[in-house]
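Per the numbering used here, the sequence shown runs over residues 2 to 251.
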Amino acid sequence: LRLLFKIEESIFLAFPPNITQGFEHSFYRSTSGKKEKNTSMFKTLLTVATIYALSVTGFSPKSSLTTQRTQSMSSTNQFQMSAGDAAADTTEVKVGDTLPSVVLKEGQADYGKPVDINLSEITAGKKVAIFAVPGAFTPGCSKSHLPSFIEAMDDLKAKGIEEVLCVATNDAYVMEAWGDSSGGKDAGIRFLSDSNAELTRALGLAKESDVFVRCSRFSLIAENGIVTHYFSAAAGESSDTWAPNVLSKL
Numbered sequence: 002l003r004l005l006f007k008i009e010e011s012i013f014l015a016f017p018p019n020i021t022q023g024f025e026h027s028f029y030r031s032t033s034g035k036k037e038k039n040t041s042m043f044k045t046l047l048t049v050a051t052i053y054a055l056s057v058t059g060f061s062p063k064s065s066l067t068t069q070r071t072q073s074m075s076s077t078n079q080f081q082m083s084a085g086d087a088a089a090d091t092t093e094v095k096v097g098d099t100l101p102s103v104v105l106k107e108g109q110a111d112y113g114k115p116v117d118i119n120l121s122e123i124t125a126g127k128k129v130a131i132f133a134v135p136g137a138f139t140p141g142c143s144k145s146h147l148p149s150f151i152e153a154m155d156d157l158k159a160k161g162i163e164e165v166l167c168v169a170t171n172d173a174y175v176m177e178a179w180g181d182s183s184g185g186k187d188a189g190i191r192f193l194s195d196s197n198a199e200l201t202r203a204l205g206l207a208k209e210s211d212v213f214v215r216c217s218r219f220s221l222i223a224e225n226g227i228v229t230h231y232f233s234a235a236a237g238e239s240s241d242t243w244a245p246n247v248l249s250k251l
């Protein structure tokens with residue numbers, strides 16, 4: 002009985018005073034007897050009704066909050082698993098594949114609005130070199146991978162390469178800043194953002210995470226949109242994707 006009174010008191014106090022007072026006033030006006038008795042009756046009826054509702058719905062604030070959090074986490078996990086499954090189901094790019102028709106972003110000087118670049122369109126009828134890095138401004142990419150292509154631009158052109166593209170999943174503004182600060186843009190390399198990881202996933206090279214999708218390090222040569230040479234760091238060393246190794250196979 003004492004426990005019931007405690008539950009009654011807790012439930013009653015859980016409601017805002019203006020609501021409980023309004024309920025009390027309505028109950029008092031519609032019945033006879035003393036107000037103290039009516040209030041007690043009101044609280045008792047409120048308790049019974051609330052306990053009944055709880056027994057029917059199985060609701061409790063704590064369990065509801067936990068359920069909401071669980072459902073939210075489940076939805077998030079399902080989304081992440083779907084993205085991960087999609088990447089897992091995509092076979093890694095290989096020689097003979099056609100480059101996907103995806104839209105990348107190219108940053109502009111002075112923080113101009115990024116421009117859409119269709120990969121199929123800019124590679125059509127050309128011999129191009131594309132290299133991707135896990136992240137702009139990261140140590141290995143800034144100290145080795147990118148500089149190797151900057152230094153090899155003349156040799157690449159001598160091998161018939163008409164365009165060199167650097168891709169990462171950073172946004173277009175970051176890629177633009179990296180191109181400027183590294184000297185890559187001045188050397189003639191175009192820095193393209195795959196911020197939605199469409200190209201990365203289409204090539205089967207996505208490194209999925211809860212925060213940021215990165216692209217596995219690679220380099221490739223494509224002629225008229227067809228991959229003729231492919232270099233991956235996954236099965237070997239990062240240096241396998243650097244320009245000197247690429248040149249040695251051309």
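Note that the Cβ used here is the ideal one computed from N, Cα and C, for glycine as well.
Start and end of the beta strand (DSSP E) containing THR229? 227-233
Residue span of the alpha helix (DSSP H) that contains ARG306, given as start and end: Lying before the first or after the last residue shown, residue 306 is absent from the chain, which here runs from 2 to 251.
Identified DSSP bridge partners for THR252: Here the chain comprises residues numbered 2 to 251, so residue 252 is not present and cannot be evaluated.
Please report the distance separating the alpha-carbon of ALA235 from that of SER217. 7 Å
Determine which residues share a DSSP beta bridge with VAL119 and list them. Going by the sequence as given, residue 119 is Asn instead of Val. The partner list for ASN119 (beta bridge, DSSP) reads VAL104.
Buried/exposed call for THR170, threshold 16 Cβ in 10 Å: buried
Output the distance between the C-alpha atoms of VAL214 and LYS208, rounded to the nearest integer angstrom. 6 Å
Tell me the DSSP secondary structure of PHE150 in three-state form. helix
Cβ-Cβ distance between GLY205 and ILE151 below 7 Å: no
Distance check for HIS146 and LYS128, CA to CA, integer angstroms please. 20 Å
Over what stretch of residues does the alpha helix (DSSP H) that includes ALA244 continue unbroken? 244-249
How many angstroms separate the CA atom of THR91 from the CA atom of ILE227? 18 Å
Going straight from the alpha carbon of ALA176 to that of ALA223, what length do you get? The sequence given here places Met at residue 176; Ala does not occur at that position. The straight-line gap from Cα to Cα measures roughly 22 Å.
N- and C-terminal bounds of the alpha helix (DSSP H) containing ALA298: A query on residue 298 cannot be resolved here, the shown segment of the chain reaching from 2 to 251 and no further.
Which residue's Cα is closest to the Cα of GLU93: ALA244, ARG191, ALA203? ALA203
Could you tell me the distance, in whole angstroms, from the CA atom of PHE132 to the CA atom of PHE138? 15 Å
Integer-rounded CB distance, given that SER194 should sit under 8 Å from GLY113: Not confirmed; about 14 Å, so no contact.
Can you give me the C-alpha to C-alpha distance between ASN246 and LYS158, rounded to a whole angstrom? 15 Å
Which one of SER143, VAL165, CYS142 has the shortest CA to CA distance from ALA153? VAL165
Secondary structure of LEU193, DSSP reduced to three states: strand
Specify the secondary structure class of THR99 as computed by DSSP and reduced to three states. strand
Nearest-angstrom Cα distance between ASP111 and GLY97? 39 Å
Beta strand (DSSP E) containing VAL129: first to last residue? 128-133
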